[in-house]
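As structure tokens, the structure follows; a few thoughts come after it.
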Amino acid sequence: MAKTAVVIDKEYLKHVPGELHPERPERIKVLLDLAASLDGSAFQQLPPKPATRAEIESCHSPDHVALVESTSRSSRYALDGDTITCRDSFGVGLLAVGGFLRLLDAIAAGEFQNGFALVRPPGHHARPDQAMGFCLFNTVAVGARHLLRSHRARRVLVLDWDVHHGNGTQEIFYADPSVLFISMHQYPYYPGTGAARDVGVGAGEGYTINVPLPAGCADGEYLGVFRDIVLPAVKNFQPDWILVSAGFDAHRRDPLGGMNVSESGFAAMARATLRLAEEFAENRIAFLLEGGYELTALSGSVAAVLNEMRGPSGADALAAAAAERIQPLIKGILNVHERFRYA
83 MAKTAVVIDK
93 EYLKHVPGEL
103 HPERPERIKV
113 LLDLAASLDG
123 SAFQQLPPKP
133 ATRAEIESCH
143 SPDHVALVES
153 TSRSSRYALD
163 GDTITCRDSF
173 GVGLLAVGGF
183 LRLLDAIAAG
193 EFQNGFALVR
203 PPGHHARPDQ
213 AMGFCLFNTV
223 AVGARHLLRS
233 HRARRVLVLD
243 WDVHHGNGTQ
253 EIFYADPSVL
263 FISMHQYPYY
273 PGTGAARDVG
283 VGAGEGYTIN
293 VPLPAGCADG
303 EYLGVFRDIV
313 LPAVKNFQPD
323 WILVSAGFDA
333 HRRDPLGGMN
343 VSESGFAAMA
353 RATLRLAEEF
363 AENRIAFLLE
373 GGYELTALSG
383 SVAAVLNEMR
393 GPSGADALAA
403 AAAERIQPLI
413 KGILNVHERF
423 RYA
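Quick note, the sequence shown lines up with residues 83 to 425 if you use this note's numbering.
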């Protein structure tokens, strides 16, 4: 079995949005320490390379790319109230996207079975013409577009379990039937999008599935959503690649979320997703770091996912998932989507 690739680099420390900013370099520092401790027989570090402008512009306008590049001339620039850059941020943003693309290329070439890109800044809020929510470029969206254009992928699943809705990813693929976007997020919450009724438009109608969860959901609710919504949708869609926007700010200790997911919960979601990749995508799956701002919770949750990537560590937890609290929500989402078939 091929090793699992881990993309991480000290260069990701250079994006410094401010001393008290939650998306701080220490997020990568703790993951660098984790990566250094990994078993070399199962994991191999893969150095990133910067994305090209053309790769970024597959999902973003030239004006947006130029604006972010222009912030390199300033020691501090506020693209919005939350999204702050320094002189190095543009280069780090290119390296974040490029690191993920290099991981996808390596998996496509059969060099690795799967991988995890531990990069920053995160990306899933970045819209075609706007940076927001700590995000400069939408890394997972550029990755999905890269698979479709360069690796002849026909159907790509983007699964987003960050506590915040991946509004940028949704917008980029809202009319695209080649990408099934599933987002499980706290709602109502930042950025205010992601209602269950938002299902896509035109040819993409039905290919966006939003699961707007109330605050306080824990492992049982998340795994119930996996069992009742995610698994049937993925089996219907039958992706040939799976990309995971793996945010860990739904952790019970995270200061930016109001959820109660544990390390074991993230491990169980990863285990279920890896099994879907085995069943439908010839194990072609890549995880991408999004949020997660409590350092111990972040490191522990990433370690739990990586442990699953080297081989399932436990029984299927979905059968025992308890989702009674959100059964009306689940039934409502299923009713919204029952008319869609991904033929």
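Glycine included, each C-beta is placed from N, C-alpha and C at the ideal position. Because the structure is a prediction, the values reported are computed rather than measured.
Provide the residue span of the alpha helix (DSSP H) that contains residue i, from first to last.
i: Ser-265; result: Where Ser-265 is concerned, there is no enclosing alpha helix (DSSP H), although the beta strand (DSSP E) it sits in stretches over 261-268.
i: Asn-292; result: Note, Asn-292: premise wrong, no alpha helix (DSSP H); beta strand (DSSP E) at 290-295.
i: Thr-378; result: 377-391
i: Ile-412; result: 409-419
i: Leu-313; result: 313-319
i: Leu-305; result: 301-307
Since residue i and residue j are thought to touch, with beta carbons under 8 Å apart, how far apart are those beta carbons, to the nearest angstrom?
i: Thr-251; j: Ala-223; result: 5 Å
i: Leu-183; j: Glu-137; result: 6 Å
i: Gly-207; j: Pro-132; result: The displayed chain sequence assigns His, not Gly, to residue 207. The Cβ separation is near 21 Å, so there is no contact.
i: Leu-128; j: Val-174; result: Not really, about 17 Å apart at Cβ, beyond 8 Å.
i: Gly-248; j: Asp-164; result: Rounded, the Cβ-Cβ distance is 15 Å, inconsistent with contact.
I'd like to know whether the C-beta atoms of residue i and residue j end up nearer to each other than 9 Å.
i: Phe-422; j: Val-312; result: no
i: Ala-363; j: Ala-199; result: no
i: Ala-300; j: Met-266; result: no
i: Gly-197; j: Ala-188; result: yes
i: Gly-400; j: Arg-309; result: Looking at the sequence shown, residue 400 is not Gly but Leu. Result yes, Cβ atoms of Leu-400 and Arg-309 sit closer than 9 Å.
i: Leu-241; j: Ser-344; result: no
i: Pro-394; j: Leu-356; result: yes
i: Gly-302; j: Glu-372; result: no
i: Arg-227; j: Ser-140; result: yes
i: Val-293; j: Leu-411; result: yes
i: Thr-167; j: Val-150; result: yes
i: Leu-370; j: Leu-325; result: yes
i: Gln-126; j: Lys-96; result: no
i: Phe-230; j: Ala-190; result: Reading the sequence as shown, one finds Leu at residue 230 and not Phe. Not in contact: Leu-230 and Ala-190 (Cβ atoms no closer than 9 Å).
i: Ser-152; j: Arg-169; result: no
i: Val-261; j: Tyr-289; result: yes
i: Asp-336; j: Tyr-304; result: no
Pick helix, strand or coil for residue i, following the three-state DSSP scheme.
i: Arg-227; result: helix
i: Asp-121; result: coil
i: Thr-275; result: coil
i: Ser-344; result: coil
i: Gly-197; result: strand
i: Ser-154; result: helix
i: Ala-363; result: coil
i: Val-245; result: coil
i: Tyr-159; result: strand
i: Val-112; result: helix
i: Ile-166; result: strand
i: Ala-136; result: helix
i: Arg-234; result: coil
i: His-207; result: coil
i: Ala-354; result: helix
i: Ala-403; result: coil
i: Ala-87; result: strand
From which residue to which residue does the beta strand (DSSP E) around residue i run?
i: Leu-183; result: Counting along the chain, Leu-183 falls outside any beta strand (DSSP E), though it belongs to the alpha helix (DSSP H) covering 171-190.
i: Leu-239; result: 238-242
i: Phe-369; result: 367-371
i: Val-281; result: No beta strand (DSSP E) contains Val-281, which DSSP labels as neither H nor E.
i: Val-98; result: Looking at the DSSP string, Val-98 is not in any beta strand (DSSP E), and its letter there is neither H nor E.
i: Ser-143; result: Looking at the DSSP string, Ser-143 is not in any beta strand (DSSP E), and its letter there is neither H nor E.
i: Leu-325; result: 323-328
Just the C-alpha distance for residue i and residue j, rounded to the nearest angstrom, thanks.
i: Ala-405; j: Gly-306; result: 5 Å
i: Glu-101; j: Ile-254; result: 32 Å
i: Ala-98; j: Tyr-269; result: A quick correction: the sequence has Val, not Ala, at residue 98. Near 29 Å, if we compare the C-alpha coordinates of Tyr-269 and Val-98.
i: Gln-195; j: Trp-323; result: 12 Å
i: Ser-346; j: Asp-331; result: 14 Å
i: Val-384; j: Ala-285; result: 36 Å
i: Ala-124; j: Ala-160; result: 41 Å
i: Glu-107; j: Arg-155; result: It is worth fixing the name first, because residue 107 is Pro in this sequence and not Glu. Taking the straight line joining both Cα atoms gives about 20 Å.
i: Val-387; j: Ala-349; result: 5 Å
i: Arg-236; j: Pro-259; result: 10 Å
i: Leu-218; j: Lys-111; result: 20 Å
i: Pro-314; j: Ala-403; result: 15 Å
i: His-419; j: Leu-295; result: 17 Å
i: Leu-185; j: Met-391; result: 15 Å
i: Ser-119; j: Leu-113; result: 10 Å
i: Asp-76; j: Pro-130; result: Residue 76 cannot be examined here, being either before or after the span of the chain that is shown, 83 to 425.
i: Tyr-256; j: Val-283; result: 6 Å
i: Leu-358; j: Asp-398; result: 12 Å
i: Val-210; j: Pro-203; result: First, the amino acid is wrong: residue 210 is Pro here, not Val. Going by the C-alpha atoms only, they are around 16 Å apart.
i: Gly-298; j: Asn-318; result: 30 Å
i: Pro-104; j: Tyr-271; result: 17 Å
i: Ala-277; j: Ile-408; result: 15 Å
i: Glu-93; j: Ala-117; result: 15 Å
i: Pro-321; j: Phe-263; result: 11 Å
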